[in-house]
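Heads up: the structure comes next, in structure tokens.
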Amino acid sequence: MKTFLPFFLLLITAVHSLQCNEDQQLSLLHFKKSLAYNSSVSSKLISWNSSTNCCSWIGVTCSTNGSVISLDISRESISSGIDNSSSLLDLQHLQSLNLASNNFVGTFPKEFFQVPSLETLDLSDNLELQGTLPEFPKNGSLRSLILRNTSFSGLLPNSLGNLEKLSTIDIEYCSFSGSIPRSIGNLTQLVQFFMSMNYFKGPVPSFSRAKNLAVIDLSFNIDLAGPINSTRCENLTDLVNLNLGYNLLDGNIPSALFSLPLLYSLDLSNNQFSGPFHQISNFSSCFLEFLDLSSNNLEGPIPISIRNVRGLQRLALGSNKLNGTFPISSLHQFRSLSYLDLSQNSLSLGLDATDFSYSSFPQFRNLYLATVKLRSPFPEFLRNQSRLKYLDLSHTQIHGKIPNWIWRINTLYLLNLSSNSLNLLEGPLLNPMPSSLRVLDLHSN
């Protein structure tokens, strides 16, 4: 203890004695002067003044020799001035620059991307901040590039592949266009890849060398097209989340995707994938909880091996060309399943319930079975549901009476029983009806 206490006091003294380099303090004050911001809501810039050591300013971090290495002035209601703030370039040891969640208007200077020491740049959530990406030199130091929810536009330079240390790219909700450069496949340190809600076109690049990738999101680019080569995904053993929804991708879905050991969420919805679904027989990803293949052109029966993915919470297969009989007993396997969409296919649902109890069924919140052939009275397997919010049984060929127990599901928001052969409301009816019910469709019965 006698040895530790003097060391601790020495450490505290060293932290408090950090002295900001005078030239860097002047650069920061010039930078502050160039910005237009709301001083009444500022918690960082308002503290910057010449009478105090800049290493003690809120939002400023210094190294042990007094060099400014990190600058965080996010959420400061800054509206302008970033395009006239070249004094920041004097901070030659700056490693992190966070300007997120301000109100910047204007064009972000390209020079800031090329600061040799910069490792993290976050400009996210500045809706009116414009800019384009420059050419990046080889061996650039950037590790994290975050431009999400800005007005950046233009093409992605092929030199993006020069940023060999890059682990995070987040350019969601921007206006980038053109093809995604193949050089991105050379970024072996890449972990997170967010490029949704842009205007990219052409093929999905190969990520076969980016073996550390955990997240890929290229959804809502509309014009991304072509097949996914199985060799582009089979090495992604750390992949947790893959979202390619709302594009023009086609061809067969690589079966290798379903055996990725850590895959948690897979969304390939609203594309043009085709081929027999039953050929995807290797459902062995034990972590898969969200699977959305809806609105494609998949054919054939649902493979039996899907039962192996017992942790599924969301299964969306609607609006395909699936056929065959899906046994109701299969649902018994998915204890956590809360969202199921089998609608708009040519499926039948096998209702043989002799070997299990409906009481052990998963508790659904969303159940969409429109056009699934039930050919039965009102399905008894719904009797023990207590969390249902959306239930669509339209065009399912159910007949007979609507049981009064359906009104005891007091979470129901939408109930669609239209276009069937139902002919009786079983009494006594609950009065009032469930307070949550907003949409009740009984037409064409």
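Residue numbers -17 to -1, 1 to 428, in mature numbering (1 follows the signal peptide of the UniProt record, and there is no 0), belong to the letters of the sequence shown in order.
Even glycine gets a Cβ: it sits at the ideal position worked out from N, Cα and C.
Since the model is a prediction, treat every value here as computed from it, not as a measurement.
**Asked** Looking only at C-alpha atoms, which of 357, 372, 365 sits nearest to residue 382?
**Response** Here the question's residue 382 lines up with position 399 in the sequence shown. Measuring from the Cα of residue 382, the nearest candidate turns out to be 357.
**Request:** Name the one or two DSSP bridge partners that residue 90 has.
**Result:** Translated into the one-based positions of the sequence shown, residue 90 becomes position 107. Beta-bridge pairing links residue 90 to 113.
**Message:** With distance defined between alpha-carbon atoms, name the residue in 275, 419, 197 nearest to residue 172.
**Reply:** In the sequence shown, the residue the question calls residue 172 occupies position 189. Per the Cα distances, 197.
**Message:** My assumption, with CB atoms under 8 Å, is that residue 236 sits in contact with residue 266. Please give the rounded CB distance.
**Reply:** For the purposes of this step, residue 236 is taken as the residue at position 253 of the sequence shown. For the purposes of this step, residue 266 is taken as the residue at position 283 of the sequence shown. At roughly 12 Å, the Cβ-Cβ gap does not stay under 8 Å, so residue 236 and residue 266 are not in contact.
**Cβ-based neighbour list, residue 401, same chain, cut-off 8 Å, excluding 5 preceding and 5 following** = Locating residue 401 in the sequence shown gives position 418, counting from the first residue. Same-chain partners within the cutoff: 377, 378, 424, 425, 426, 427, 428.
**Prompt:** Between the region 62 to 72 and the region 37 to 51, do at least 3 Cβ pairs fall closer than 8 Å?
**Reply:** no
**Request:** Count the other C-beta atoms from every protein chain shown that fall within 10 angstroms of the C-beta of residue 343, then say buried if there are 16 or more, exposed otherwise.
**Result:** Numbered from its first residue, the sequence shown carries residue 343 at position 360. Residue 343 should be labelled exposed.
**Message:** As an exercise, report each continuous beta strand (DSSP E) stretch of at least 3 residues that is fully enclosed by the region 243 to 307, in chain order.
**Reply:** With a minimum length of 3 residues, the continuous beta strand (DSSP E) runs that stay inside the region 243 to 307 are 248 to 250, 255 to 259, 273 to 275, 280 to 283, 297 to 299.
**Message:** Please tell me whether residue 87 and residue 63 are closer than 8 Å, where the distance is taken between their beta carbons.
**Reply:** As a position in the sequence shown, residue 87 is number 104, starting the count at 1. As a position in the sequence shown, residue 63 is number 80, starting the count at 1. Result yes, Cβ atoms of residue 87 and residue 63 sit closer than 8 Å.
**Prompt:** Could you check where the alpha helix (DSSP H) with residue 14 kicks off and where it finishes?
**Reply:** Start at 1 with the first residue of the sequence shown, and residue 14 comes out as number 31. Segment 5 to 17, the alpha helix (DSSP H) holding residue 14.
**Request:** List the endpoints of the continuous beta strand (DSSP E) containing residue 45.
**Result:** Translated into positions along the sequence shown, residue 45 becomes position 62. From DSSP, the beta strand (DSSP E) with residue 45 extends over 43 to 45.
**Opening and closing residue of the beta strand (DSSP E) in which residue 153 lies** = As a position in the sequence shown, residue 153 is number 170, starting the count at 1. 151 to 153 is the span of the beta strand (DSSP E), which, as asked, contains residue 153.
**Message:** Excluding the 5 residues flanking residue 370 on each side, which residues of the same chain have their C-beta closer than 6 Å to its C-beta?
**Reply:** One-based indexing of the sequence shown puts residue 370 at position 387. Hits under 6 Å: 346, 348, 394.
**Prompt:** Going along the chain, which unbroken runs of the beta strand (DSSP E) with 3 or more residues stay wholly within the region 59 to 103?
**Reply:** For the region 59 to 103, the continuous beta strand (DSSP E) assignments of 3+ residues that do not extend past its boundaries occur at 61 to 63, 79 to 81, in sequence order.
**Item:** Residue span of the beta strand (DSSP E) that contains residue 133, given as start and end
**Value:** As a first step, residue 133 is located in the sequence shown; it is residue number 150 there, counting from the start. Boundaries of the beta strand (DSSP E) harbouring residue 133: 133 to 138, taken from the DSSP string.
**Request:** Would you kindly work out how many angstroms separate the C-alpha atoms of residue 410 and residue 328, rounded to a whole number?
**Result:** Taking the first residue of the sequence shown as position 1, residue 410 is located at position 427. Taking the first residue of the sequence shown as position 1, residue 328 is located at position 345. Roughly 33 Å separates the two Cα atoms.
**Message:** With a threshold of 8 Å, are at least 3 pairs of Cβ atoms found where one atom belongs to the region 134 to 141 and the other to the region 151 to 168?
**Reply:** The region 134 to 141 makes contact with the region 151 to 168: 3 or more CB pairs, one atom from each, lie closer than 8 Å.
**Request:** Ignore the nearest five residues each way along the sequence and tell me which others in residue 322's own chain have a CB closer than 6 Å to its CB.
**Result:** As a working note, residue 322 is residue 339 in the sequence shown. Closer than 6 Å at the Cβ level, and outside the excluded window around residue 322, lie 297, 349.
**Asked** Which two residues bound the contiguous beta strand (DSSP E) that contains residue 159?
**Response** If you number the sequence shown from 1, residue 159 lands on position 176. 158 to 162 is the extent of the beta strand (DSSP E) around residue 159.
**Prompt:** In three-state terms, what does DSSP make of residue 382?
**Reply:** Translated into the one-based positions of the sequence shown, residue 382 becomes position 399. Residue 382 falls in the strand class under three-state DSSP.
**Prompt:** Looking at the structure shown, is residue 241 part of a helix, part of a strand, or coil, going by DSSP?
**Reply:** Counted from its first residue, the sequence shown places residue 241 at position 258. In this structure, residue 241 counts as helix in the three-state DSSP scheme.
**Request:** In the DSSP assignment, find the unbroken beta strand (DSSP E) run with residue 361 in it and report its ends.
**Result:** Here residue 361 refers to the residue found at position 378 when the sequence shown is read from its first residue. Careful: residue 361 lies outside any beta strand (DSSP E) and carries neither H nor E.
**Asked** Looking at C-alpha atoms only, which residue of 67, 176, 8, 182 is the closest neighbour of residue 189?
**Response** As a first step, residue 189 is located in the sequence shown; it is residue number 206 there, counting from the start. Nearest C-alpha to residue 189: 176.
**Message:** For residue 322, report the span of its beta strand (DSSP E) as first-last.
**Reply:** Sequence index remark: in the sequence shown, residue 322 carries index 339 (1-based). Here the beta strand (DSSP E) through residue 322 covers 322 to 324.
**Item:** For residue 107 and residue 444, the rounded distance between their alpha carbons
**Value:** Only positions -17 to 428 of the chain appear in this structure, which leaves residue 444 out of reach.
**Request:** If I'm right that residue 112 touches residue 146 with Cβ under 8 Å, what's the distance once you round it to whole angstroms?
**Result:** For this step, residue 112 is matched to residue 129 along the sequence shown. For this step, residue 146 is matched to residue 163 along the sequence shown. The Cβ separation is near 21 Å, so there is no contact.
**Asked** Between which two residues does the beta strand (DSSP E) harbouring residue 213 extend?
**Response** Taking the sequence shown and counting its residues from 1, the one referred to as residue 213 is at position 230. No beta strand (DSSP E) holds residue 213; DSSP gives it neither H nor E.
**Message:** Mapping the DSSP letters down to three states, classify residue 356 as helix, strand or coil.
**Reply:** Start at 1 with the first residue of the sequence shown, and residue 356 comes out as number 373. The answer is strand: DSSP assigns residue 356 an E or B state.
**Asked** Which whole-angstrom value describes the C-beta separation of residue 206 and residue 227, a residue pair presumed to lie in contact below a C-beta threshold of 8 Å?
**Response** For the purposes of this step, residue 206 is taken as the residue at position 223 of the sequence shown. For the purposes of this step, residue 227 is taken as the residue at position 244 of the sequence shown. Contact doesn't hold; Cβ gap of about 13 Å is too wide.
**Request:** Determine the burial state of residue 110: buried for a count of at least 16 other Cβ atoms within 10 Å of its Cβ, exposed for fewer.
**Result:** Sequence index remark: in the sequence shown, residue 110 carries index 127 (1-based). Exposed.
**Message:** Quick check: what's the CA-CA separation for residue 408 versus residue 231?
**Reply:** Numbered from 1 along the sequence shown, position 425 holds the residue referred to as residue 408. Numbered from 1 along the sequence shown, position 248 holds the residue referred to as residue 231. About 45 Å.
**Request:** Less than 8 Å between the CB atoms is what I'm expecting for residue 140 and residue 116, so what's the real figure, rounded?
**Result:** Locating residue 140 in the sequence shown gives position 157, counting from the first residue. Locating residue 116 in the sequence shown gives position 133, counting from the first residue. Indeed they touch by this definition, with Cβ atoms about 6 Å apart.
**Message:** Is it buried or exposed, residue 181, if we count other Cβ atoms within 10 angstroms and call 16 or more buried?
**Reply:** Here residue 181 corresponds to residue number 198 of the sequence shown, with the count starting at 1. Classification for residue 181: buried.
**Request:** Would you identify the three-state DSSP class for residue 129, choosing helix, strand or coil?
**Result:** Against the sequence shown, residue 129 aligns to sequence position 146. Strand at residue 129.
**Item:** Cβ-Cβ distance between residue 163 and residue 144 below 8 Å
**Value:** Numbered from its first residue, the sequence shown carries residue 163 at position 180. Numbered from its first residue, the sequence shown carries residue 144 at position 161. It is not a contact, given that the beta carbons lie outside the stated cut-off.
**Request:** Check residue 343 in the structure and name its three-state DSSP category.
**Result:** Within the sequence shown, the letter at position 360 stands for residue 343. In this structure, residue 343 counts as helix in the three-state DSSP scheme.
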